[in-house]
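Each number in our numbering corresponds to the 1-based position in the sequence shown with 208 added.
All remarks here apply to the structure that follows.
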Amino acid sequence: MAYAAYRESFGAYRCDAPSAGREQSRRLVVLDFTVPSSEAFAVRRLLAACPDAGVVRCVPRPHDSLVRLEIQLPAHRVPEVMHLLMNALPSGEVGALTSWQRHLTDHGLTHGF
Numbered sequence: 209m210a211y212a213a214y215r216e217s218f219g220a221y222r223c224d225a226p227s228a229g230r231e232q233s234r235r236l237v238v239l240d241f242t243v244p245s246s247e248a249f250a251v252r253r254l255l256a257a258c259p260d261a262g263v264v265r266c267v268p269r270p271h272d273s274l275v276r277l278e279i280q281l282p283a284h285r286v287p288e289v290m291h292l293l294m295n296a297l298p299s300g301e302v303g304a305l306t307s308w309q310r311h312l313t314d315h316g317l318t319h320g321f
């Protein structure tokens with residue numbers, strides 16, 4: 209329910225409407241993106257304009273004021289979401305890009321999938 213607050217559209221940034229086939233949109237990936245903690249909300253707002261993309265978790269780094277955002281999105285949306293984030297937040301650091309299944313495995317959540 210808290211995610212609904214980030215679904216606002218501010219018009220400055222928008223991702224295109226889904227154009228890929230149904231099978232392509234099923235492939236989910238997780239993108240790690242590190243930003244100063246004060247900019248985490250801005251990332252969530254930017255992602256509100258992108259269909260099917262959202263922050264799965266926000267992990268604070270222990271010795272600085274940075275947070276690592278794990279962003280789930282369809283594989284065919286990776287280039288446009290990366291472009292959107294890098295243009296709006298040049299201080300951000302793009303990290304690993306992993307499959308959704310690998311992400312679940314890394315966190316011990318593979319049962320039932």
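By construction, the Cβ of each residue, glycine as well, lies at the ideal position given by its N, Cα and C atoms.
With fewer than 16 other Cβ atoms from the protein chains shown falling within 10 Å of its own Cβ, residue 302 counts as exposed. For residue 256, no beta strand (DSSP E) run applies, since DSSP gives it neither H nor E. Apart from sequence neighbours up to five positions away, the residues of its chain that approach residue 276 with a beta-carbon distance below 6 Å are 240, 242 and 267, ordered along the chain. With fewer than 16 other Cβ atoms inside 10 Å of its own Cβ, residue 269 counts as exposed. In the three-state DSSP reduction, residue 297 falls in the coil class, being neither helix nor strand. Short of 8 Å from the beta carbon of residue 261, and not among the five residues preceding or following it, lie these beta carbons of its own chain, in chain order: 223, 255, 279, 280, 281, 282, 285 and 289. Burial of residue 252 is indicated by the presence of at least 16 other C-beta atoms within 10 angstroms of its C-beta. Annotated three-state conformation of residue 246 is helix, per DSSP.
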